[in-house]
Amino acid sequence: MQIKSIETFTNQFVSLVCVRTNDGAEGWGQIAPYNADISALVMHRQVAPYALGQDPMDIDVLVDRIVEIQFKFPGSYLQRALAGLDTALWDLRGKLEGKSVCELLGGEPRLFPVYASSMRRDITPAQEAERFARLRDTYGYTAFKFRIGKDCGHDEDEWPGRTEAMLPAIRNTLGDEVTLLVDANCCYTASKALEVGRMLEAYGVRHFEEPCPYWEFEWAAEVSQSLEMPVAGGEQDGCLSQWRRIIQLRAFDIVQPDVCYVGGLTRALRVAAMAREAGLTCIPHSANLSLVTVFSLHMMGAIENAGPYVEFSIEPGSSFPWQVGMFDPPLEASDGKVKIPDGPGWGVEINPSWLAKTERQISE
191 MQIKSIETFT NQFVSLVCVR TNDGAEGWGQ IAPYNADISA LVMHRQVAPY
241 ALGQDPMDID VLVDRIVEIQ FKFPGSYLQR ALAGLDTALW DLRGKLEGKS
291 VCELLGGEPR LFPVYASSMR RDITPAQEAE RFARLRDTYG YTAFKFRIGK
341 DCGHDEDEWP GRTEAMLPAI RNTLGDEVTL LVDANCCYTA SKALEVGRML
391 EAYGVRHFEE PCPYWEFEWA AEVSQSLEMP VAGGEQDGCL SQWRRIIQLR
441 AFDIVQPDVC YVGGLTRALR VAAMAREAGL TCIPHSANLS LVTVFSLHMM
491 GAIENAGPYV EFSIEPGSSF PWQVGMFDPP LEASDGKVKI PDGPGWGVEI
541 NPSWLAKTER QISE
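All you need for this note's numbering is the position in the sequence shown, starting with 1, plus 190.
#1: List in chain order: all unbroken beta strand (DSSP E) runs of 3+ residues lying wholly within the stretch 409-466.
#2: Counting Cβ pairs closer than 8 Å, one from the stretch 488-501 and one from the stretch 310-329, do we hit at least three?
#3: Do Leu370 and Phe398 have their C-beta atoms closer together than 8 Å?
#4: Hey, could you find the ends of the alpha helix (DSSP H) Ala241 is sitting in?
#5: Let's test the definition: count the other Cβ atoms within 10 Å of the Cβ of Leu258 and tell me whether it reaches 16, buried, or not, exposed.
#6: Which of helix, strand or coil does DSSP assign to Ser266?
#7: Nearest by alpha-carbon distance to Phe203: which of Phe510, Asp366, Asp213, Ala523 is it?
#8: Look at Gly214 and Thr277 and say whether their C-beta atoms are less than 8 Å apart.
#9: Return the CA-CA distance between Ile504 and Tyr378, expressed in angstroms with no decimal places.
#10: Just to confirm, are Phe517 and Asn541 a CB contact at a threshold of 8 Å?
#11: Is Cys450 closer than 8 Å to Ala556 when the C-beta atoms are compared?
#12: Do Gly497 and Ile444 count as a contact pair if the criterion is CB distance below 8 Å?
#13: Contact between the stretch 250-270 and the stretch 291-308 is defined here as three or more beta-carbon pairs at a separation below 8 Å; is this criterion met?
#14: Is it a yes or a no for the stretch 430-443 touching the stretch 223-243, going by three-plus beta-carbon pairs under 8 Å?
#15: Please indicate yes or no: does the CB of Asn225 lie closer than 7 Å to some heavy atom of the ligand ADP?
#16: To which residues does DSSP link Arg210 through a beta bridge?
#17: What does DSSP give as the partner residue(s) for Ala496 in the beta ladder?
#18: Just reading off the alpha helix (DSSP H) that Val257 is part of, what are its end residues?
#19: CA-CA distance, Asn212 and Asp248?
#20: Which same chain residues end up closer than 6 Å to Tyr331 when comparing Cβ atoms and leaving out the 5 residues on each side of it in sequence?
#21: Which residue spans inside the stretch 297-325 form an unbroken beta strand (DSSP E) run of at least 3?
#22: Candidates Ala465, Leu481, Leu390: which alpha carbon is nearest Phe173's?
#23: Using a C-beta cutoff of 8 Å, does Glu287 count as contacting chain D?
#24: Once the 5 residues before and after Tyr393 are set aside, which same chain residues still bring their CB inside 6 Å of it?
#25: Check Ile221 in the structure and name its three-state DSSP category.
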C-alpha cells in the first residue's frame, strides 16, 4: 500500500487534509488553525512530495524523514503542515484496522471530563462569572479556565485591576467546589508571575498556564519551583529537542503540547512520553472545537499521565464560524464530560457542505 494523493481543503483559518492510498483507502486530518492557507502551501511544497509513494502505516519513520529533509526550514509552519499529514495517517490506520485512534493507542473511548475554557479578555469579571454559572448549570462543568493579564503583556493587565477583580468575582459566584484554572498567555516576568501566583493560590487556583513568555522557559521554571500551585505550559513549542530541555528543567508541572502545533499526534505522544518519564502530567492544548479537540480526546483517553480533564472551548460558533459544521457528530458536553468518539479512526465524518466552501488543492 502506498500514499497516492494528499488533498487539502482550506480557508484562511483552517485546512483539512485527506490522504488516499493506491487501493482507495482514505484518512482525514487537520493542519493547525490560523493562517492555514500558508500552512497548506507548505504542505504541498515541502511535505507532500516526500510522503507520496510511501507506506502510510510507517508514520513514525515518515514524520521523522520529512523533518530531517526540511532541516533548513525548522519552525511552526512546517510542523503545522506536518500535523495535517500525521493526523490523516492515524485516521487511515484506524479505519483500516477497524479501531478508534484511542484504541490503537491502548485506550478505551469513554466519557472524559473537560474544563470549560474561556478565550476572552474583553469580558468583565461580573460577566465572566455570570457566564460560567450559566454554563455550569446547563452543561455540568466543574472546572473553568479564564484569562488573566494580557497577551505578552510585559507585566501589564488587559485593563488596570482586571485580574484582581476576576478572582473574587468568579470564586464567590461559583463557590469552592469548582476547580479554577487561569491562563496568562506569556504576560509576566518571573518576579511578577510569582506575585500574581501567590494571589492565585490564595483563591485556590489549580493551574497557572503560561505565566511567562514561552521562549523564557527558565523563568517559568523559577515560578514552577517556587509555587505550590501547578504551572502549565508548552503549547507553542514544536521542537522535540526543546521539549526535552523544558522537561529536564521541569519548567512546568503540566505539559501542554498542541497536536497541531507540534507536528501531529506522533510527536505529541513523544512529548507525553518524555513527561511521563519525568513524572509530569500532560494535558494537550486544544483551544477551539475543530478536529484538534477530537485529537486531544483520543490522546488523553490512552496516555498513562493524562491530566484530569481535556480543554474544551466555550466560545460560541458566532465567534469562530470557520469551525461550525466541520464534522459530525459534533462534540457536546454533558455533566462536565465529552465522549471520546468511538468509531474507526477519529470517529467523526467530515461534512461535505463544509468542504464545498473551501479551496481545494491536491498533490499526486
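Just so it is clear, CB atoms sit at the ideal spot from N, CA and C, and this is done for glycine as well.
None of the values given here were measured: they were computed from a predicted structure.
In brief:
#1: 421-423
#2: no
#3: Along the sequence shown, one-based indexing puts residue 370 at 180. Along the sequence shown, one-based indexing puts residue 398 at 208. Their beta carbons are not under 8 Å apart, which means Leu370 does not touch Phe398 by this criterion.
#4: Start at 1 with the first residue of the sequence shown, and residue 241 comes out as number 51. Where Ala241 is concerned, the enclosing alpha helix (DSSP H) stretches over 238-241.
#5: The residue labelled residue 258 in the question sits at position 68 within the sequence shown. Inspection of the sequence shows that residue 258 is occupied by Glu rather than by Leu. By the 10 Å Cβ count, Glu258 comes out exposed.
#6: Position 76 of the sequence shown, counted from the first residue, corresponds to residue 266. Residue state, collapsed to three classes: helix.
#7: Sequence index remark: in the sequence shown, residue 203 carries index 13 (1-based). That would be Phe510, whose Cα lies nearest to the Cα of Phe203.
#8: In the sequence shown, counting from the first residue as 1, residue 214 sits at position 24. In the sequence shown, counting from the first residue as 1, residue 277 sits at position 87. Taking 8 Å as the Cβ cut-off, Gly214 and Thr277 do not qualify as a contacting pair.
#9: Indexing the sequence shown from 1 puts residue 504 at position 314. Indexing the sequence shown from 1 puts residue 378 at position 188. The alpha-carbon atoms of Ile504 and Tyr378 are separated by roughly 25 Å.
#10: Position 327 of the sequence shown holds residue 517. Position 351 of the sequence shown holds residue 541. Going by C-beta atoms, Phe517 is nearer than 8 Å to Asn541.
#11: For the chain, the structure presents residues 191 to 554; residue 556 sits outside this window and is missing.
#12: Position 254 of the sequence shown, counted from the start, is the residue given in the question as residue 444. Position 307 of the sequence shown, counted from the start, is the residue given in the question as residue 497. Going by C-beta atoms, Ile444 is nearer than 8 Å to Gly497.
#13: no
#14: no
#15: You won't find the ligand ADP in this model; it holds no ligand whatsoever.
#16: What you label residue 210 is simply residue 20 of the sequence shown in a count that begins at 1. According to DSSP, which records beta bridges pairwise, Arg210 is partnered with Ser195, Glu216.
#17: Reading the sequence shown from its first residue, position 306 is the one you call residue 496. Paired residue(s): Cys472.
#18: Against the sequence shown, residue 257 aligns to sequence position 67. First-last of the alpha helix (DSSP H) with Val257: 249-259.
#19: The residue you call residue 212 lines up with position 22 of the sequence shown. The residue you call residue 248 lines up with position 58 of the sequence shown. Going by the C-alpha atoms only, they are around 15 Å apart.
#20: Mapped onto the sequence shown, residue 331 falls at position 141. So the qualifying residues of the chain are Ala306, Leu325, Gly526.
#21: 301-307
#22: The chain is shown only over 191 to 554; residue 173 falls outside these bounds and no answer can be derived.
#23: This model lacks chain D altogether, as it is built from one protein chain only.
#24: In the sequence shown, counting from the first residue as 1, residue 393 sits at position 203. So the qualifying residues of the chain are Leu357, Arg361.
#25: As a position in the sequence shown, residue 221 is number 31, starting the count at 1. Of the three classes helix, strand and coil, the one that applies to Ile221 here is strand, per DSSP.
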